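All remarks here apply to the structure that follows.
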């Protein structure tokens with residue numbers, strides 16, 4: 001499942017097709033479910049072809065709009081809506097064994113799709129509702145991390161309502177608690193969209209207004225001037241975890257922030273990942289310039305890997321995530337930055353050096369999803385007491401009349 005109502009819609013399409021290209025056809029048969037920018041679901045062979053997404057109107061006309069429903073034995077059933085042509089029959093329902101969310105941002109990454117799968121009792125890849133929701137929300141993620149003893153940068157967070165008509169008061173508060181430079185971020189968005197560095201009151205005001213275009217809540221945190229960004233991917237479930245090699249993303253020369261263009265449009269000759277192939281799909285996050293392994297000391301590597309494990313468990317993650325850290329080179333300190341519960345390209349480039357190629361990575365994620373689903377279904381899912389029997393209802397009605 002991919003696309004969705006999100007500013008990261010196109011990035012999701014790229015990531016999904018990387019997964020589709022890497023999927024082991026001896027074990028799995030992929031079914032593409034494209035969620036349009038209007039939230040409608042589409043299914044059909046064309047959704048499996050990346051080139052089809054260059055013309056979305058043509059894509060929609062060659063697919064069927066579907067709605068989800070519970071199938072038998074923990075499966076998802078995709079039922080086509082009425083046929084487009086008069087007197088023609090809609091195609092039969094498509095039955096899905098496991099949902100593989102490849103969304104970036106929006107309800108697809110923040111727990112909405114995960115909650116739907118849990119309600120329908122369908123196995124799905126990745127973190128559950130809580131891990132997805134907390135991981136997507138930078139403010140809640142910082143709160144969870146701080147309570148778990150994970151080092152974070154000082155920050156101030158507020159809503160659009162708290163900002164409106166009290167801008168000067170909020171700017172004063174940020175200046176007195178955070179100071180400059182300050183990093184301004186939408187609370188629940190990825191791919192560096194809406195993020196700005198502010199070095200003055202005027203820039204701070206402008207950056208907050210820009211962030212509010214994307215989210216109703218804003219996070220402002222202390223910016224580290226001499227920083228090194230180091231990322232680590234984690235795969236597994238509960239205490240059975242493996243950690244990838246570490247990477248150091250490289251920003252464009254003269255840029256203060258690792259931006260959207262750095263992540264997705266700096267591939268071959270500066271062209272977008274759409275035009276290049278990598279493991280069968282557009283490059284996506286794989287097009288980002290990075291140093292692997294990250295050029296850091298063994299001691300710092302051990303500390304980051306230990307913190308990554310702690311973050312994964314504190315956020316109740318599952319499947320695969322990428323956890324981003326900031327190294328303050330002036331102070332020699334490491335800070336947790338954010339956790340990406342559905343990272344771009346599923347961070348396959350961090351696992352290949354460890355001997356886990358993309359096809360085996362995809363297979364392992366599906367196996368984890370099936371195991372988690374079996375575990376959930378092995379536990380009591382209902383409590384056998386009939387509160388709706390006639391005697392109980394009479395008792396409840398009597399209780400309502402009691403003083």
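In this note's numbering, the protein residues as written are 1 to 403.
Beta carbons are placed, not taken as given, at the ideal position from N, Cα and C, and that holds for glycine.
Keep in mind that this is a model prediction, so the values were computed, not measured.
Where residue i falls: helix, strand or coil (DSSP)
| i | result |
| --- | --- |
| residue 215 | coil |
| residue 126 | coil |
| residue 14 | helix |
| residue 229 | strand |
| residue 385 | coil |
| residue 193 | coil |
| residue 355 | coil |
| residue 208 | helix |
| residue 291 | strand |
| residue 49 | coil |
| residue 25 | coil |
| residue 82 | coil |
| residue 150 | coil |
| residue 164 | coil |
| residue 263 | Residue confidence for residue 263 is low, a pLDDT of 49 falling below 50, so the modelled location carries little weight; the figure read from the coordinates is stated next. Helix at residue 263. |
| residue 133 | helix |
Which residues DSSP lists as bridging residue i, in chain order
| i | result |
| --- | --- |
| residue 39 | Note: residue 39 sits in no beta bridge, so no partner. |
| residue 76 | 70 and 96 |
| residue 159 | 217 |
| residue 3 | 35 |
| residue 115 | Note: residue 115 sits in no beta bridge, so no partner. |
| residue 65 | 42 |
| residue 235 | 242 and 320 |
| residue 222 | 182 |
Start and end residues, beta strand (DSSP E) containing residue i
| i | result |
| --- | --- |
| residue 348 | Per DSSP, residue 348 belongs to no beta strand (DSSP E); it is in the alpha helix (DSSP H), 348 to 351. |
| residue 121 | Premise fails: residue 121 is in no beta strand (DSSP E) and is neither H nor E. |
| residue 340 | 333 to 340 |
| residue 247 | 240 to 249 |
| residue 327 | 318 to 328 |
| residue 197 | 196 to 198 |
Euclidean distance between Cα positions of residue i and residue j
| i | j | result |
| --- | --- | --- |
| residue 404 | residue 388 | The shown model of the chain, from 1 to 403, leaves out residue 404, and the question about it has no answer. |
| residue 174 | residue 79 | 51 Å |
| residue 305 | residue 238 | 16 Å |
| residue 338 | residue 379 | 32 Å |
| residue 112 | residue 7 | 16 Å |
| residue 204 | residue 220 | 9 Å |
| residue 151 | residue 144 | 11 Å |
| residue 93 | residue 71 | 10 Å |
| residue 282 | residue 52 | Per-residue confidence for residue 282 stands at a pLDDT of 49, beneath the threshold of 50, marking its modelled position as unreliable; no derived number is given. |
| residue 384 | residue 127 | 29 Å |
| residue 98 | residue 171 | 48 Å |
| residue 217 | residue 223 | 19 Å |
| residue 154 | residue 4 | 32 Å |
| residue 359 | residue 209 | 43 Å |
| residue 49 | residue 17 | 8 Å |
| residue 39 | residue 225 | 40 Å |
| residue 20 | residue 357 | 14 Å |
| residue 31 | residue 44 | 8 Å |
| residue 110 | residue 147 | 21 Å |
Bounding residues of the alpha helix (DSSP H) (the contiguous stretch that carries residue i)
| i | result |
| --- | --- |
| residue 359 | 358 to 377 |
| residue 8 | Counting along the chain, residue 8 falls outside any alpha helix (DSSP H), and DSSP gives it neither H nor E. |
| residue 58 | 56 to 61 |
| residue 182 | First-last for residue 182: 182 to 186, but that is the beta strand (DSSP E), not the alpha helix (DSSP H). |
| residue 304 | 298 to 314 |
| residue 177 | 167 to 177 |
| residue 138 | 138 to 147 |
| residue 107 | 106 to 109 |
is_contact[residue i, chain B] using C-beta, thresh 8 Å
| i | result |
| --- | --- |
| residue 71 | Among the chains in the structure shown there is no chain B, since it carries only a single protein chain. |
Report yes or no: do three or more beta-carbon pairs, one from the stretch 58 to 71 and one from the stretch 13 to 31, lie closer than 8 Å? No: the two stretches stay apart, fewer than three of their Cβ pairs being nearer than 8 Å.
Determine contact between the stretch 226 to 242 and the stretch 178 to 198, defined as no fewer than three beta-carbon pairs at a distance below 8 Å. Segments in contact, no.
Under 8 Å, with one C-beta from each stretch per pair, do the stretch 316 to 325 and the stretch 200 to 220 reach the 3-pair mark? Verdict: no, contact absent.
Tell me, please, whether the stretch 191 to 203 touches the stretch 239 to 252 by the rule of three or more beta-carbon pairs shorter than 8 Å. Touching, no.
Please confirm if the stretch 356 to 373 is in contact with the stretch 120 to 139, defined as three or more CB-CB distances below 8 Å between the two stretches. Yes: the two stretches touch, three or more of their Cβ pairs being nearer than 8 Å.
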